[in-house]
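Chains as they are written, first to last, in our numbering: chain A, 1 to 579; chain C, 580 to 854.
From the three backbone atoms N, C-alpha and C, an ideal C-beta is built for every residue, glycine too.
What follows is a set of notes on a single structure, which appears directly below.
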């Protein structure tokens, strides 16, 4: 199907003299794909390549009492069995590289498992079949714990604690808040004067990215005490930084080679395979391959999170939405990965592409004993859009209006103030609806065919209304940021709890911002990070380079709670041993 | 331990091996077993590949039809004489799967697979089993239901062939409801066979897939239709009976509630088509 460029719409806003934008262009990698020549990570083979298969939890939630590997260790082909205690820093959260969230997820579970399929041991064997045999021979004594699979159940008092880092089963956002808020205007009086109230509950399942090529990596020792890693990751530097932290090695000892990703869609940013493949190579001195099989890809590689939304609209008889209240629960599964970040994205997207003068929203990132969720194409936005658009249909029915026309009445116009306090611009929803209606011969009334997003906005619609907040009361009209004095020592600053999201669309900075230390030594690799195709475009905050220290030996178990060790230590014990 | 694949030329000899070795499994087209082999399922130790030509034999010319258990979906689709089975056979995977997937495998495929088995169940198909029987009873046939009633632990019998009468034109209808079309796994599969005599339904058989792990018959629904003329009122009565009789299962594809709704919806659509 050819692309139809509707150049009649927004003709003034577009430059048609650009070389690439607005013109069909051939993908750079398409020739390699159609001729079967594109190299994938699994096209690399090494002499004596070893294979990893993981022993996984059969329970949603259980304490690990004992692990018996006696039989597995002596089975033919088994080279090494990796336990959680072998992982130098066995606790991480993916976005710790961006200072977002607390470390909450082990590479290999040590004391308990929090979802079905969570890896407990990694068996390194000479063949995949031998690794499978050894996996079947491991005996783990579990004490099964009560589990929770539903977001609303998970946040009730007394629910099973899924993730000890967040004992309330809720992620902590900036300032220690357990959810993200959006406040714009005042919904309560608007609901009171509305002609119709329409309420809905919407639930969306997790969605697996289902790439043709599963997550995987092959790692091998190189000369000069470095390790090469061929990987399917979507974010090469992101994975490299994650491995450097987990294995407590300098990032310049890791040489990541990516290239073709056989389908990612967000499902290959979690760095599930690289840490174990490289650790396996470190512990055995041989090349190690760790690839999820199809069932693992479906069950334990992270999907887009499930979401549950409650939406309440106050409608005027003429078709305007005068108030919208949304409460959402994202099911993060057992660990954070990218769901907390998805909630932040979501709150900046609400209340959908409609100009609504009174908006009230709370969104939570909740832990349950399900497979951890992560990025997937528009995560944080697509599922709530489903809820919003179903709600729009419901609203149109309540008013007895045409659903196209109901949307056209409420769609953003250029110059309108969005609930997250940015002015709307280049709003094409009206034109898109008109074009879609035209294509399917949908009869729109003349006044709706004549609508345009380029007029009717701004003016009154560009103003930030007086906004009701729980803690600060009414904020005057026009308030987009509020300065909050610091609290008494030892107290969590009360900032952000009730505040609207500021004009950047991102949560407010801390009222007493931590000074960002300059790196003590040039770290070109640390500052040229590229987050690849993961949809994360922000550069990482510069990190202070800690002083060189001597970490504990790799094979020693970590006593007590794991304290993350410096990432850029000068030497690793393993490196010393190899020397 | 590696997987051992043995080729066997004789069906009855294979049945004896199966009876004596609980770890042995029959490898038909491999569309169900090979993913397990490739995924390293350590429970698979011994696979029997049976080359007996009786498994590939089809008799389709006359009023009674016999199809060997080793006949593939593509073979069925190539037979114009089996056009009444085509709506189900064409739903099984893509062309590569249909080239390999056998009728015998489909009879033992657990939900959400086994679309053809649902249609065969509605048609009142009989099965003849390999081995185990000699003498006068050797040619005995069992109703296809015996395959679906077994507990999951029981050793599956080895099917030689299926036998069925050619349905009259318009007697049978098949619907598959999947999340992704045309090749997705079934949320619900429905097959309805109605024998009409003097404007009234003389005999009804309604088979469903996806509701339980194996195909099942909605006997109560059929009973509400039998003796009645096919009318909107009769259809409504039949649809209302579905959830009194069946408790649809929930899985990752669909909740039991959704399956129940879809089963009623598609039953209504099928019956309205047959009016």
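By alpha-carbon positions, which one of C:590, C:843 and C:747 ends up nearest to residue 776 of chain C? C:747
Between residue 419 of chain A and chain C, is any beta-carbon pair separated by less than 7 Å? no
| DSSP state of residue 674 of chain C, grouped into three classes? | helix
Q: May I have the straight-line CA-CA distance separating residue 596 of chain C from residue 752 of chain C, to the nearest angstrom?
A: 39 Å
Below 9 Å on C-beta distance, what does residue 673 of chain C contact in chain A? Result: empty, since nearest Cβ-Cβ is about 14 Å, beyond 9 Å.
*Does the beta-carbon of residue 220 of chain A have 16 or more other beta-carbons within 10 angstroms, so that it is buried, or is it exposed?*
buried
Considering only their Cβ atoms, is the gap separating residue 60 of chain A from residue 369 of chain A smaller than 7 Å? yes
Q. Counting along the chain, where does the alpha helix (DSSP H) carrying residue 818 of chain C start and finish?
A. 811-824
- Message: Restricting to Cα atoms, I'd like to know which of C:654, C:763 and C:691 is closest to residue 829 of chain C.
- Response: C:691
Tell me which residues share the same chain as residue 843 of chain C and place their Cβ nearer than 6 Å to its Cβ, disregarding the 5 neighbours each side in the sequence. 818 and 821
Rounded to the nearest angstrom, what separates residue 585 of chain C and residue 627 of chain C at their Cα positions? 5 Å
Query - Rounded separation between residue 779 of chain C and residue 802 of chain C - CA only - result: 13 Å
**Asked** the segment 292-303 of chain A: which residues have C-beta closer than 7 Å to a C-beta of chain C, in chain order?
**Response** 293, 294 and 295
What span of residues does the alpha helix (DSSP H) with residue 245 of chain A cover, start to end?
236-246
- prompt: Taking buried to mean at least 16 other C-beta atoms within 10 Å of its own C-beta, is residue 28 of chain A buried or exposed?
  reply: exposed
Using the beta-carbon count (16 or more within 10 Å), is residue 33 of chain A buried or exposed? exposed
In angstroms, rounded to a whole number, what distance separates the CA positions of residue 338 of chain A and residue 476 of chain A? 35 Å
(Q) For a cutoff of 7 Å on Cβ pairs, would you count residue 751 of chain C as touching chain A? (A) no
Q) Okay, do the segment 236-245 of chain A and the segment 197-205 of chain A touch, 3+ Cβ pairs below 8 Å being the bar? A) no
How big is the Cα-Cα spacing for residue 134 of chain A and residue 122 of chain A?
10 Å
Applying a beta-carbon distance threshold of less than 8 Å, which residues of chain A neighbour residue 619 of chain C? 53, 128, 129, 131, 132 and 293
* With burial defined as no fewer than 16 other Cβ atoms inside 10 Å of the residue's Cβ, what is the status of residue 180 of chain A: buried or exposed? -> buried
What residues of chain C sit near residue 610 of chain A, judged by a beta carbon separation below 7 Å?
Residue 610 of chain A is absent from the model: chain A starts at 1 and stops at 579.
message: Under 7 Å, Cβ to Cβ, is there at least one residue of chain C near residue 563 of chain A?
response: Annotation note: pLDDT 43 at residue 563 of chain A (below 50); position unreliable, coordinate value reported separately. No, residue 563 of chain A lies away from the interface with chain C (no Cβ there is under 7 Å from its Cβ).
Practice task
Anything in the segment 753-769 of chain C with a Cβ closer than 7 Å to a Cβ of chain A? List those residues in chain order, please.
Solution key: none
Taking residue 634 of chain C and residue 647 of chain C to be in contact with their CB atoms under 8 Å, please state how far apart those CB atoms are, rounded to whole angstroms.
-> 4 Å
- Message: Threshold first: 4 residues or longer. Then list the alpha helix (DSSP H) segments lying entirely within the segment 125-171 of chain A, N to C.
- Response: 128-137 and 151-154
Task: Contact belief for residue 83 of chain A with residue 283 of chain A at Cβ below 8 Å, rounded distance in angstroms - done: At roughly 11 Å, the Cβ-Cβ gap does not stay under 8 Å, so residue 83 of chain A and residue 283 of chain A are not in contact.
Legend entry - Nearest-angstrom Cα separation, counted from residue 607 of chain C out to residue 857 of chain C: Residue 857 of chain C is absent from the structure shown; chain C starts at 580 and stops at 854.
If you draw a straight line from the C-alpha of residue 154 of chain A to the C-alpha of residue 336 of chain A, how long is it?
15 Å
- Identify which residue in A:98, A:85 and A:161 has its Cα closest to the Cα of residue 106 of chain A. A:85
Check: Hey, residue 261 of chain A and residue 395 of chain A are a contact pair by Cβ (cut 8 Å); roughly how many whole angstroms apart?
Finding: Residue 261 of chain A to residue 395 of chain A, Cβ: 41 Å. No contact.
Going by Cα to Cα distance, which pick from A:302, A:222 and A:232 is closest to residue 285 of chain A? A:222
message = Considering just the uninterrupted stretch of the alpha helix (DSSP H) at residue 768 of chain C, what are its terminal residues?
response = Per DSSP, residue 768 of chain C belongs to no alpha helix (DSSP H); it is in the beta strand (DSSP E), 765-776.
Alpha-carbon spacing of residue 8 of chain A relative to residue 402 of chain A, whole angstroms:
26 Å
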